[in-house]
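Participant: For the sequence shown, the positions run 8 to 225 when the working numbering is used.
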Amino acid sequence: MTPAEATRPFLILVALSLVGCGAVDADPHRFRALGDQVAALDVPLEPPGRGDAVPDRPARAHDAGLRPATFSPVKVSVMSPAEMWDARDAQAQGLRDALKPMTAAIRSRNASAPEPEPTLAVETTTVERPKPALRPAVLHAEGRTVQLGAYSNEAGAREAWRRLKVRADLVQLSPVYETVQVEGRVLTRLKVGPIPAEQAADLCRAAQVSDPWCRRAG
Numbered sequence: 008m009t010p011a012e013a014t015r016p017f018l019i020l021v022a023l024s025l026v027g028c029g030a031v032d033a034d035p036h037r038f039r040a041l042g043d044q045v046a047a048l049d050v051p052l053e054p055p056g057r058g059d060a061v062p063d064r065p066a067r068a069h070d071a072g073l074r075p076a077t078f079s080p081v082k083v084s085v086m087s088p089a090e091m092w093d094a095r096d097a098q099a100q101g102l103r104d105a106l107k108p109m110t111a112a113i114r115s116r117n118a119s120a121p122e123p124e125p126t127l128a129v130e131t132t133t134v135e136r137p138k139p140a141l142r143p144a145v146l147h148a149e150g151r152t153v154q155l156g157a158y159s160n161e162a163g164a165r166e167a168w169r170r171l172k173v174r175a176d177l178v179q180l181s182p183v184y185e186t187v188q189v190e191g192r193v194l195t196r197l198k199v200g201p202i203p204a205e206q207a208a209d210l211c212r213a214a215q216v217s218d219p220w221c222r223r224a225g
């Protein structure tokens, strides 16, 4: 039988007696009679017929594989508010003193660690080289230039020369790009040379240019 089962009748009797404490009772010996009744209770520690069925229990918690319970005394002291503040400050100071060795070790480890090498920032600068200036073809004294056309920009004049020199077999001649302003418009003239003045008409026919200014060598 467990201790709870053994003490259950006693607890029931005590509870019934406490319930009647608030009632008015004329018998002054009532509580003594209740005590005698409690003392006369026969509480068996082990019910009959179950002694053989219950196995032997270990006498110690360690033998049953349990961790023994440890109890530490609780100290209770009455302090004034001022004493409570002093105790709190003392605990805080004690905590700081306990942490000092740890913080000192961390500072020492950080101080002994090698400093990382500074990283040099590399700035890349792109230098644009100026485009080489195109020099006009050098004309010989025995030849002139013949204008094959006028275009709105130099790119158009160069594209025209690329087509003409292949079609009219003008590879031996050198192109000249001349920028002029005509009636408020900026044009680029395409001229080739050097060529004798008497061969200007033949060159214009070969280049399939029928404008009259093509035959005039300038």
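Glycine included, C-beta positions come from ideal geometry on N, C-alpha and C.
Taking only the alpha-carbon atoms, compute the straight-line gap between residue 19 and residue 36 and give it to the nearest angstrom.
Facilitator: Spanning the two alpha carbons is a distance of roughly 20 Å.
Participant: Does the Cβ of residue 105 have 16 or more other Cβ atoms within 10 Å, making it buried, or fewer, making it exposed?
Facilitator: Its Cβ having fewer than 16 others within 10 Å, residue 105 is exposed.
Participant: By how many angstroms is the C-alpha of residue 191 removed from the C-alpha of residue 151?
Facilitator: About 27 Å.
Participant: Where do the N-terminal and C-terminal ends of the beta strand (DSSP E) with residue 173 fall, by residue?
Facilitator: Looking at the DSSP string, residue 173 is not in any beta strand (DSSP E); the run it does join, the alpha helix (DSSP H), is 161–174.
Participant: Whose C-beta lies closer than 7 Å to the C-beta of residue 171 among residues of the same chain, with five residues either side of it excluded?
Facilitator: Around residue 171: 155, 177, 214.
Participant: In terms of residue numbering, what span does the beta strand (DSSP E) encompassing residue 119 cover?
Facilitator: Where residue 119 is concerned, there is no enclosing beta strand (DSSP E), although the alpha helix (DSSP H) it sits in stretches over 88–119.
Participant: Quick test of your reading: residue 200 and residue 180, contact by CB under 8 Å. State the CB separation rounded to the nearest angstrom.
Facilitator: Contact flag correct, Cβ pair sits at about 6 Å.
Participant: Can you tell me which of the three DSSP states residue 135 falls into?
Facilitator: Reduced to three states, the DSSP call for residue 135 is coil.
Participant: Residue range of the alpha helix (DSSP H) that residue 207 falls in?
Facilitator: Run containing residue 207: 207–213, per the alpha helix (DSSP H) assignment.
Participant: Just how far apart, CA to CA, sit residue 102 and residue 110?
Facilitator: Whole-angstrom Cα-Cα distance: 12 Å.
Participant: Can you tell me the Cα-Cα spacing of residue 70 and residue 85, whole angstroms?
Facilitator: Going from the Cα of residue 70 to the Cα of residue 85 covers about 42 Å.
Participant: Please return the same chain residues whose Cβ sits closer than 6 Å to the Cβ of residue 40, not counting the five positions on each side in sequence.
Facilitator: Cβ within range, chain order: n/a, list empty.
Participant: Helix, strand or coil: how does DSSP classify residue 81 here?
Facilitator: If DSSP states are grouped into helix, strand and coil, residue 81 belongs with coil.
Participant: Just reading off the beta strand (DSSP E) that residue 201 is part of, what are its end residues?
Facilitator: Here the beta strand (DSSP E) through residue 201 covers 192–202.
Participant: Cβ atoms of residue 168 and residue 197: under 8 Å apart, would you say?
Facilitator: Contact flag set, yes.
Participant: Whole angstroms is fine: what's the gap from residue 144's alpha carbon to residue 153's?
Facilitator: Note that residue 144 has pLDDT 43, beneath the 50 cutoff, so the model's placement of it is unreliable and the number below is only indicative. Approximately 13 Å between the Cα atoms of the pair.
Participant: Could you have a look at residue 41 and say whether DSSP puts it in helix, strand or coil?
Facilitator: The answer is helix: DSSP assigns residue 41 an H, G or I state.
Participant: What would DSSP say about residue 46, mapped onto helix, strand or coil?
Facilitator: Note: residue 46 maps to helix in three-state DSSP.
Participant: Give me the Cα-Cα distance between residue 79 and residue 88, rounded to the nearest whole angstrom.
Facilitator: In a straight line, the C-alpha of residue 79 is about 26 Å away from that of residue 88.
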